[in-house]
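Residue 2 is where the sequence shown starts when you use my numbering, and the numbers rise one by one after that.
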Amino acid sequence: MASRSHTFYVGVTNDIARRVREHKSHTFEGFTARYNVDRLVWYETYDNIHRAIGREKQLKGWVRSKKIALIDALNPTWQDLSEEWGKPIQPLRTNRRSLDSGGQTQAASAQDDKS
């Protein structure tokens with residue numbers, strides 16, 4: 002998690018969507034609320050909590066410049082990776098002709114509406 006001014010926080014959770022909401026709504030007082038650290042700029046997932054905690058400790062031991070380089074490598078604009086979470090998903094319209102000719106789903110175009 003990071004602020005617009007690139008103050009950041011490293012943590013581990015078993016529910017990233019819930020934890021991001023908590024940071025965004027400043028559910029808990031503390032560092033992230035005080036410094037407005039509410040943007041998800043980088044994350045990793047693990048199937049094993051012990052590995053996740055080990056990685057968290059490793060990252061927390063890194064110097065700031067190394068953490069920034071990690072984020073910059075995958076998210077150079079520090080875009081909030083969670084900004085679209087929770088918004089309604091627009092269903093993909095299927096082109097009936099494509100389904101009849103082999104089952105391929107395609108986005109429908111204006112041309113499809115004329116048939």
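Where a beta carbon is used, it is the ideal one built from N, C-alpha and C, also for glycine.
When secondary structure is reduced to three states using DSSP, residue 65 falls in the helix class.
Between residue 40 and residue 81, the CB-CB gap stays under 8 Å. Across the structure, residue 68 and residue 60 are spaced so that their CA atoms are roughly 7 Å apart.
Our two residues, residue 18 and residue 83, have alpha carbons roughly 8 Å apart in a direct line. Scanning its chain for C-beta atoms nearer than 6 Å, with the 5 sequence neighbours on each side dropped, one finds around residue 27 the residues 34, in chain order. In this chain, the alpha helix (DSSP H) harbouring residue 25 covers 17 to 25. If you draw a 10 Å sphere on the C-beta of residue 21, you find 16 or more other C-beta atoms in it, and that means buried.
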